[in-house]
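Engineer: Next up is a structure, given as structure tokens.
2 protein chains.
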Amino acid sequence: MSESVMIYDTTLRDGAQSEGVSFSPEDSLEVLKKLDEFGVDFVEGGWPGSAPKVDEFFKLASKIKLKNTKLTAFGSTGKFGTPAKNDQNLKNLAACPVEWCCIFGKSWDFQVTSALCILPEQNLDLIRNSIRFLKDSGKRVMFDAEHFFDGYINNKEYALSTLKAAVDGGAEWLVLCDTNGGTMMEVIADAVEDVLLTFEIPVGIHCHNDSDLAVANSLVAVERGATMVQGTINGIGERTGNANLCSIMANLELKLEYELNIKDIGQLTELSTFVSETANLAPVPGMPFVGEKAFAHKGGVHVSAIARDPRTYEHIAPECVGNKRRILISDMAGRASISEKLKDFGIDIGTEESQAIVNQIKALEAQGYQFEGADASFELLVRRFKGELESPFKVTGFRVFIDNIGDKVSSEASVKVMDSNGNEEHTASNGDGPVNALDNALRKALSSLFPVTDRIRLTDYKVRVLDGKSATAASVRVLIRSTDGKNSWTTVGVSENVIEASLYALIDSIEYAIHKNTDKEVAQ
Amino acid sequence: MSESVMIYDTTLRDGAQSEGVSFSPEDSLEVLKKLDEFGVDFVEGGWPGSAPKVDEFFKLASKIKLKNTKLTAFGSTGKFGTPAKNDQNLKNLAACPVEWCCIFGKSWDFQVTSALCILPEQNLDLIRNSIRFLKDSGKRVMFDAEHFFDGYINNKEYALSTLKAAVDGGAEWLVLCDTNGGTMMEVIADAVEDVLLTFEIPVGIHCHNDSDLAVANSLVAVERGATMVQGTINGIGERTGNANLCSIMANLELKLEYELNIKDIGQLTELSTFVSETANLAPVPGMPFVGEKAFAHKGGVHVSAIARDPRTYEHIAPECVGNKRRILISDMAGRASISEKLKDFGIDIGTEESQAIVNQIKALEAQGYQFEGADASFELLVRRFKGELESPFKVTGFRVFIDNIGDKVSSEASVKVMDSNGNEEHTASNGDGPVNALDNALRKALSSLFPVTDRIRLTDYKVRVLDGKSATAASVRVLIRSTDGKNSWTTVGVSENVIEASLYALIDSIEYAIHKNTDKEVAQ
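Chains as they are written, first to last, in UniProt numbering: chain A, 1 to 524; chain B, 1 to 524.
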């Protein structure tokens with residue numbers, strides 16, 4: 001029979017500690033709504049009084065109705081020497097328009113004496129009085145036992161006495177924190193068991209990933225009886241991050257069959273992407289369950305097996321978590337993976353023809369092409385091969401000049417292009433560097449012939465030198481990612497000349513946009 | 001008492017399955033040397049016959065002497081219906097110049113019937129006969145039991161019978177693979193224990209990270225008696241990656257007190273960075289133990305506590321793994337680490353002066369410079385700063401032309417250089433691509449003034465785009481590795497213009513050679 005586990009999200013508080021992450025009050029509100037929809041039990045909104053935007057967020061949040069989530073305010077025990085009722089942090093918590101507060105206190109005697117610089121007994125009073133004050137102010141309180149596991153190893157009795165103080169103060173949850181993220185699984189297991197035997201109230205777990213074990217430690221704690229997991233979406237957080245709730249929720253629901261209150265685990269990938277976008281962090285492609293690469297397959301053996309039965313190389317069906325299978329084209333790919341890949345493009349293809357394409361691709365790969373990251377170039381290749389596509393324009397000539405006038409280096413490119421009706425454009429442009437100049441000139445030349453060109457923006461540009469040995473004389477592979485605001489696509493070019501390689505990738509990018517645009521017009 | 005665990009690295013084989021990763025034979029050789037130095041027990045070089053570059057690598061590797069590492073060749077059991085002695089894959093393995101082979105076979109009955117499409121008994125014969133053939137060819141053999149844990153759950157008896165077949169064939173290691181990365185910790189624990197009770201030979205573990213548990217599952221297996229861990233540096237690998245050996249080695253040695261044969265865990269961060277650079281993957285800042293952010297502390301409470309005692313917010317001392325503490329709001333860490341680095345160059349430096357250098361370096365880092373991988377540029381920077389060094393020559397002007405005549409694209413560069421005595425050279429050269437042309441022209445111009453220039457050969461050229469958002473207008477960092485036949489050194493250049501960035505790196509490279517050469521003459 002399955003037990004139920006609460007999910008406590010601290011993306012907006014501990015996650016916001018992550019380098020370069022900062023949520024505006026509006027960002028935070030959107031994340032809160034998304035987590036509420038998803039069915040997360042608790043969302044920690046921040047530390048009242050720590051920053052104006054946090055207070056602004058709590059104000060905004062108090063105006064909306066949450067369906068599934070309880071918003072909590074975070075803080076710490078009061079300052080020693082100040083009565084709780086006069087402690088500004090505690091007063092901010094008491095005044096915060098939420099039902100639940102989660103405050104942390106020290107459970108590691110070493111921390112008490114070396115960081116707080118007070119006596120162990122004084123710390124116990126702080127914990128008890130701070131929680132009691134919040135209870136008396138009408139709040140429900142959770143206690144985050146900071147450094148609990150370090151404390152448990154160093155001085156078990158004292159660590160447990162801090163929990164006792166929290167319970168005496170009126171805490172309804174004891175949350176055991178591996179604040180430094182250094183604790184090994186067996187210690188987590190023993191300590192959680194011990195705490196559950198010692199106290200009547202439910203226990204939560206809060207892990208950091210400094211030993212690469214945050215997810216495992218959280219699961220171990222649950223297996224030993226913890227009924228709440230604190231973490232962040234995508235595991236964002238200070239240093240190496242917090243426990244990744246995406247992995248934890250997926251494992252608990254899909255693998256370990258615990259009961260969660262979340263509505264639909266199939267929304268997990270969307271939730272992950274949403275948080276990355278809102279936090280303005282590049283999504284991590286290799287992230288388990290929700291990453292772009294989580295169900296990407298490379299290499300002939302795997303792909304042909306996948307085609308027969310996905311379970312051969314997928315631990316779950318990608319759809320379970322709202323993710324997608326991707327078949328990568330690579331120098332190890334055989335006919336099977338190409339054919340699979342062609343399906344993605346709705347191109348039905350006979351095996352002879354596909355073999356012919358495989359041969360062409362292998363020839364290109366020998367030159368240094370790699371299509372696994374360049375779907376758009378791959379699609380163009382296939383359509384050209386099938387004669388479905390004639391190039392809408394040709395670059396009939398180009399020049400690039402790099403010149404230093406005094407200390408300043410200038411780059412200029414001139415290009416000559418001709419469309420399929422014989423219309424020619426010849427123009428030039430400067431740029432930050434030769435590739436940018438070429439990019440500018442090319443799109444300047446094409447915009448009159450193909451207005452769609454103006455909507456294209458390059459979002460990434462990657463250069464890989466293919467053979468270290470010949471160094472600057474080596475072939476380079478250029479990958480260019482482009483967007484028209486709605487869709488994104490990647491194209492590839494290879495040459496011994498980085499400029500020429502870039503030009504090929506640029507031409508593919510623009511041709512792909514024109515081709516897709518025509519598709520749409522036809523469809524309408 | 002501490003047991004000993006073997007480390008088996010498959011960065012060059014399973015790691016190379018990672019999207020966008022492809023090692024040249026020279027890259028692979030460098031990685032092998034680094035892993036040998038580090039003290040990794042086994043390094044899997046690749047699948048002989050799978051690609052020309054793999055065979056080229058094994059040829060190169062057979063010419064060097066390894067101090068600590070056994071190089072292994074990877075492959076699979078033979079094809080059904082072909083006698084082992086006629087199976088091309090097995091023949092390639094037998095012919096490979098290594099002592100050890102690691103071949104995988106299927107342990108999941110479902111895989112046998114649905115992927116191999118043969119009878120379970122036929123698969124047992126395949127395993128036994130394939131291994132026996134390799135033994136008879138004089139190899140020592142490990143058996144990678146593919147999908148072992150899925151097989152163990154689905155049909156325990158059959159999964160174990162595949163191991164029995166491997167043992168009968170003469171395998172010396174049984175490596176249990178969580179190929180789909182979907183297995184939970186308890187299953188790993190039970191299965192490993194069971195296998196160790198059933199067989200006499202040692203057991204290894206091979207995990208993938210699809211459930212975010214690869215490191216944890218590897219450690220669980222070791223705790224239950226596995227004595228070999230297979231994984232990759234930085235956890236690179238297909239989909240969500242392999243078990244990250246960096247985290248595993250650090251946890252085993254520093255936390256769980258197992259005995260590893262590695263020489264110095266203090267080199268771990270350098271090893272991690274080296275592999276990222278060689279694979280041309282951007283290092284992951286949040287990676288446990290070795291990431292740039294692993295010991296980064298944001299302002300306030302944490303920092304003041306850290307200042308009092310680092311244990312308050314660090315699970316280990318960063319130096320243990322060769323990493324550095326970063327205090328995000330102050331230069332303290334910066335100064336300390338630079339002073340450390342200056343010692344490497346035998347440059348003793350007062351703290352005021354070092355602070356001034358830190359400031360200069362921080363300014364350059366803000367522009368995108370990064371001296372981790374560019375010691376030569378760093379040394380030049382420091383010596384220039386101390387006034388020990390005046391530039392032996394100046395590039396007073398340069399031009400680069402890229403031009404397409406018909407289908408052929410030509411590159412030409414002209415440079416004007418002046419040495420410190422006012423001698424000027426003005427010359428030009430063609431090249432394969434603009435950077436090569438510039439490189440040729442520059443060395444042509446300098447060879448008469450500085451004969452040492454003729455001995456310099458560039459061995460690697462790497463480009464990294466620093467800001468994806470602005471795409472082709474983004475700054476690029478160019479790393480150039482040079483050798484004079486005896487020594488090698490790396491220099492760095494940054495600019496929005498890839499040509500200009502390359503020029504800076506080229507100038508540093510040549511200046512460094514001249515400077516070292518003068519040193520020698522002085523010494524003689």
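Virtual Cβ for every residue (Gly too), placed ideally from N, Cα, C.
1) Here's a check: name, in chain order, each residue in its chain whose Cβ is nearer than 6 Å to the Cβ of residue 498 of chain A, leaving out the five neighbours to either side.
2) Smallest Cα separation from residue 364 of chain A: which of A:287, A:480, A:63 and A:378?
3) For a quick check, are the C-beta atoms of residue 482 of chain B and residue 509 of chain B less than 8 Å apart?
4) Secondary structure at residue 378 of chain A, three-state DSSP: helix, strand or coil?
5) Just to confirm my understanding: we take residue 290 of chain A, look at its own chain, exclude 5 residues before and 5 after, and list those with CB closer than 7 Å. What are they?
6) Which residues, in chain order, does the region 1-17 of chain B contribute to contact with chain A at a C-beta distance below 7 Å?
7) Just checking: is the beta-carbon of residue 206 of chain A within a distance shorter than 8 Å of some beta-carbon in chain B?
8) Would you mind telling me which residues of chain B sit closer than 7 Å to residue 305 of chain A, beta carbon to beta carbon, in chain order?
9) Applying the criterion that 16 or more other CB atoms from any shown protein chain within 10 Å of the CB defines a buried residue, is residue 333 of chain B buried or exposed?
10) Quick check on the DSSP output: the beta strand (DSSP E) that includes residue 158 of chain B runs from which residue to which?
11) State yes or no: is the beta carbon of residue 315 of chain A nearer than 8 Å to at least one beta carbon in chain B?
12) By how many angstroms is the C-alpha of residue 459 of chain B removed from the C-alpha of residue 400 of chain A?
13) By the DSSP assignment, the beta strand (DSSP E) with residue 38 of chain A in it spans what residues?
14) Which class does residue 287 of chain A belong to by DSSP, given the choice of helix, strand or coil?
15) Quick one, which of B:505, B:243, B:49 and B:454 has its alpha-carbon nearest residue 381 of chain B's?
16) Need the endpoints of the beta strand (DSSP E) that residue 131 of chain A sits in, please.
17) Could you name each continuous alpha helix (DSSP H) segment of 4 residues or more that falls completely within the region 246-279 of chain A, going from the start of the chain to the end?
18) Would you grab the beta carbon distance between residue 281 of chain A and residue 236 of chain A for me? Rounded to a whole angstrom, and I think it's under 8 Å.
19) Would you tell me roughly how many angstroms separate the C-alpha atoms of residue 426 of chain A and residue 395 of chain A, rounded to the nearest one?
20) Spell out whether any CB of chain B is found under 8 Å from the CB atom of residue 287 of chain A.
21) Ends of the alpha helix (DSSP H) at residue 218 of chain B?
22) Nearest to residue 219 of chain B by CA position, among B:255, B:417, B:124 and B:241, is which residue?
23) For residue 310 of chain A, return the contacting residues in chain B, with the cut-off set at a CB-CB distance below 7 Å.
24) For my contact list, residue 8 of chain A and residue 195 of chain A are in at a C-beta cut-off of 8 Å; report their separation, rounded to the angstrom.
25) Taking only the alpha-carbon atoms, compute the straight-line gap between residue 532 of chain B and residue 517 of chain B and give it to the nearest angstrom.
26) I need the straight-line Cα distance from residue 217 of chain B to residue 216 of chain A, nearest angstrom please.
27) Beta carbon of residue 175 of chain A, beta carbon of residue 206 of chain A: below 8 Å?
28) Around the C-beta of residue 119 of chain A, are 16 or more other C-beta atoms found within 10 angstroms, so that it is buried, or is it exposed?
29) According to DSSP, simplified to helix, strand and coil, what is residue 145 of chain A?
30) Taking the continuous beta strand (DSSP E) assigned at residue 412 of chain A, which residues delimit it?
31) Find out if the Cβ-Cβ distance for the pair residue 5 of chain B, residue 197 of chain B is shorter than 8 Å.
32) Check whether the Cβ atoms of residue 445 of chain B and residue 240 of chain A lie closer than 8 Å to each other.
33) Okay, do the region 114-131 of chain B and the region 74-82 of chain B touch, 3+ Cβ pairs below 8 Å being the bar?
34) For the alpha helix (DSSP H) that contains residue 197 of chain A, what are its first and last residues?
35) Which chain A residues sit within Cβ distance under 9 Å of residue 257 of chain B?
36) In terms of DSSP beta bridges, what is residue 555 of chain A paired with?
Structural biologist: Result, derived from the coordinates:
1) If we look at residue 498 of chain A and ignore the five residues flanking it on each side, its Cβ neighbours are 476.
2) Minimum Cα distance to residue 364 of chain A is reached at A:378.
3) yes
4) helix
5) 246, 268, 269, 272, 321 and 323
6) Residues 17.
7) no
8) Neighbours of residue 305 of chain A in chain B, taken as residues whose beta carbon is under 7 Å from its own, are 115 in chain order.
9) Confidence is the limiting factor: at residue 333 of chain B the pLDDT is only 40, short of 50, which leaves the residue's position unreliable and the question unanswerable from this model.
10) Not the beta strand (DSSP E): residue 158 of chain B falls in the alpha helix (DSSP H), residues 156-169.
11) yes
12) 27 Å
13) First-last for residue 38 of chain A: 25-38, but that is the alpha helix (DSSP H), not the beta strand (DSSP E).
14) coil
15) B:505
16) It is not in any beta strand (DSSP E) - residue 131 of chain A instead sits in the alpha helix (DSSP H) that spans 120-136.
17) Runs of the alpha helix (DSSP H) inside the region 246-279 of chain A: 268-278.
18) 7 Å
19) 10 Å
20) yes
21) 214-223
22) B:255
23) Result: empty, since nearest Cβ-Cβ is about 10 Å, beyond 7 Å.
24) That pair is no contact at about 17 Å.
25) Examination of residue 532 of chain B is not possible in this model, given that chain B is present from 1 through 524 alone.
26) Taking the straight line from one Cα to the other gives about 9 Å.
27) Yes.
28) exposed
29) strand
30) Per DSSP, residue 412 of chain A belongs to the beta strand (DSSP E) from 408-419.
31) no
32) Contact: no.
33) yes
34) 185-198
35) Within 9 Å Cβ-Cβ: nothing; residue 257 of chain B doesn't reach chain A, min ~11 Å.
36) Residue 555 of chain A is absent from the structure shown; chain A starts at 1 and stops at 524.
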